[in-house]
Amino acid sequence: MGKWIRIAEARLSQSVGPEKEIRGWIRTRRDSKGGFSFLEINDGSCFGNLQVVAPAELENYAEEIQKLSAGCSVVVTGELLESPAKGQATELHASEVRVIGWADPETYPLQKKRHTFEKLREWAHLRPRTNTFGAVARVRHQVSQSIHQFFSEQGFYYCHTPVITASDCEGAGEMFRVTTIDLDGLAARGGKVDYKFDFFEKPAFLTVSGQLEAEIYATSMGRVYTFGPTFRAENSNTSRHLAEFWMVEPEAAFFDLADNMRLSEDFLKRVFKDCLDHCSEDMDFFDQRIEKGKVSQLQAVVEKPFTHLTYTEAIKILESCNESFEYSISWGTDLQAEHERYLTEKYVDGPVILTDYPSSIKPFYMRISDDGRTVAAMDVLVPGVGEIIGGSQREERLDVLQNRMQQAGLDESEYWWYVDLRRYGTVPHAGFGLGLERAVQYVTGMANIRDVIPFPRTPGNAEF
Ligand code: 4AD
Ligand code: MG
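In our numbering, the protein residues as written are 76 to 539.
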């Protein structure tokens, strides 16, 4: 019985030697006139395949090996040798090819022909077997690992905030309701909903952000981060919006906006650098096939300081540039994707941290600045994607927060615990949220956010 190794390991020439076993899926089979077949196998551990040389002497050669096609699963035992051919360090000379599962070439969707990403979305159960989606999945893994490593190294504790909540953190009213009320029965009886009889005895929703709860732990533990699924029922069918996405939200006590900006920049640079360092084969693929120049672009981003602009400065730039925007822009209006893209792609050609937005377009928890009309907000914008981070210093002054909540029409009694944090040992504090998928989009250059999450949830789509 050979030692089981994965292809990522087998492809290093150091691992040559007798009796190795590889388990994976056939990508292609090529029969040679010389009395053997070449099998390209991939086990998902890395971008490249392993070439298996299967000689005609194998007992199942005619019966099975010559019938192998894309998608079949196999376990191959053999000797791993340095490959004489270019393109791979090693190849496996099979002493046994065991077929585990067949894949009918008449019906298996992933044939050699190229499929569009739209088509592959319909086969989300098979698309991770393609080069692109395997590479996306590995980069997504790396980004997630880097997130944990970076914050842990910076002294942030990982804190689990609830998925089910009664509060609307962003105040945008884009929440999915969670209920055990028998809606069909209720409708049939023409009844009115009484949430007293619902599971939580009040209206409950899927969270749009773990920030408010993260603030609780930050004002006890100093530095925490939460990282989990987040839900928004915004009916926007764009290439940057999902109804279910993953967000990492660090929150730090005794942090102001400048600390927060520094943290976000160090954090993004670390994530990008890790992808370049640890996913070089996948990144080369994105660089060559998805977005030309991606690798050198990311290298430059890692080395150069981010550009800082205030919202007011950005508005002046947008008002005086000669671009024709679909949405008009003036002080007090929110930036649209086209404005964000102009700033990052044409004005700066790199990431931009935009700060000090008007209070009227930002949520109640952001700290009011001395001018009385802006808040200590910061968004990080990047070329191609636009906003990837949204954050702020939080309002730590009890009376100012109470006023702000009243203006926003929030019932203070429902946020009593949030207000209490300002009553007992309040401190300046700040944090931000990074959308994991937007970060993966930026790193890989993938145009549509539906292609950087395994199973996208968007309006009208919850398949798989
Ligand atoms: O800017 P947002 O709404 O900020 C918050 O939720 C804050 N509570 C974060 C904080 O300060 N702790 O969202 C943060 C990020 C956005 O910049 C974007 O990257 C991502 O979350 N995001 C989405 N990603 C995919 N689909 C959506 N519908 C998204 N909405 C936000
Ligand atoms: Mg935002």
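Cβ atoms here follow ideal geometry from the backbone N, Cα and C, with glycine treated the same way.
Check                                                                                                                                                                      : Outcome
For Y440, name the three-state secondary structure that DSSP assigns.                                                                                                      : coil
Pull up the DSSP beta-bridge partners for P304, would you.                                                                                                                 : W321
With a threshold of 16 other CB atoms inside 10 Å of the CB of I239, please say whether the residue is buried or exposed.                                                  : exposed
Taking the straight line between their C-alpha atoms, what separation do you get for G508 and T165?                                                                        : 43 angstroms
I need the straight-line Cα distance from Y542 to R86, nearest angstrom please.                                                                                            : This structure leaves residue 542 out entirely; the chain is present only between 76 and 539.
Using only CA atoms, which one of L155, I436, F226 and R416 lies nearest to G246?                                                                                          : I436
Smallest Cα separation from M453: which of S434, T254, Q516 and E157?                                                                                                      : S434
Which value, in whole angstroms, describes the spacing of the CA atoms of E276 and R307?                                                                                   : 23 angstroms
Under 8 angstroms: does the beta carbon of M322 sit that close to some heavy atom of the ligand 4AD?                                                                       : yes
Write down the C-beta distance between E540 and A293 rounded to the nearest angstrom, noting that I regard them as a contact closer than 8 angstroms.                      : A question about residue 540 goes unanswered here, because the residues of the chain that appear run from 76 up to 539.
Does the beta-carbon of V460 have 16 or more other beta-carbons within 10 angstroms, so that it is buried, or is it exposed?                                               : buried
By alpha-carbon positions, which one of L343, G146 and L114 ends up nearest to K379?                                                                                       : L343
Below 8 angstroms on the Cβ atoms is my guess for P438 versus F330; work out the distance and round it to an integer in Å.                                                 : Contact flag wrong, Cβ pair sits at about 18 angstroms.
Could you please give me the residues that DSSP links to E326 through a beta bridge?                                                                                       : V299 and G506
Rounded to a whole number of angstroms, what is the C-alpha to C-alpha distance between D424 and N523?                                                                     : 21 angstroms
Taking the alpha carbon of V253 as the reference point, which residue from L429, V283, Q141 and F320 has its own alpha carbon closest?                                     : V283
Return the chain-ordered list of same chain residues with a C-beta closer than 6 angstroms to the C-beta of I80, the five sequence neighbours on each side being excluded. : K95
Are the beta-carbon atoms belonging to I365 and T519 less than 9 angstroms from one another?                                                                               : yes
Tell me which residues share the same chain as S88 and place their Cβ nearer than 8 angstroms to its Cβ, disregarding the 5 neighbours each side in the sequence.          : E157, A164 and T165
The alpha helix (DSSP H) that contains D359, what's its start and end?                                                                                                     : S355 to F360
Based on Cα-Cα distance, which residue from L317, L410, D526 and G77 lies nearest to T305?                                                                                 : L317
With a threshold of 16 other CB atoms inside 10 Å of the CB of F400, please say whether the residue is buried or exposed.                                                  : exposed
Does the stretch 255-263 touch the stretch 457-475, meaning 3 or more C-beta pairs lie closer than 8 angstroms?                                                            : no
Report, in whole angstroms, the separation of the C-beta atoms of C152 and A169, which I expect to be a contact under 8 angstroms.                                         : It is Thr, not Cys, that sits at residue 152 in the sequence shown. Contact holds; Cβ gap of about 7 angstroms.
Check whether the stretch 194-209 and the stretch 227-244 are in contact - that is, three or more C-beta pairs closer than 8 angstroms.                                    : no
Give the DSSP-derived three-state secondary structure of Y203 in the structure shown.                                                                                      : It is worth fixing the name first, because residue 203 is Pro in this sequence and not Tyr. Note: P203 maps to helix in three-state DSSP.
Considering only C-alpha positions, which residue in the set K78, D486 and Y232 is nearest to V299?                                                                        : Y232
Answer yes or no: do T236 and G297 have a C-beta to C-beta separation smaller than 9 angstroms?                                                                            : no
So, at 6 angstroms on beta carbons, what are the nonlocal neighbours of R67 in its own chain, with the 5 sequence-adjacent residues on each side left out?                 : Since the displayed the chain opens at 76 and closes at 539, residue 67 lies outside it and no answer follows.
Go through the residues and name those whose CB comes closer than 7 angstroms to any heavy atom of the ligand MG, in chain order.                                          : D454, E462 and G465
Tell me whether T501 sits in a helix, a strand or coil according to DSSP, three-state version.                                                                             : coil
Using the rule of at least 16 other Cβ atoms within 10 Å of the residue's Cβ for burial, across every protein chain shown, is N536 buried or exposed?                      : exposed
Rounded C-beta distance between S467 and A412? I'm assuming under 8 angstroms.                                                                                             : Contact flag wrong, Cβ pair sits at about 21 angstroms.
Specify, as a first and last residue, the run of the beta strand (DSSP E) that V457 falls within.                                                                          : A452 to V457
Using only CA atoms, which one of S444, F122, A129 and C234 lies nearest to S112?                                                                                          : A129
State yes or no: is the C-beta of R105 nearer than 8 angstroms to some heavy atom of the ligand 4AD?                                                                       : no
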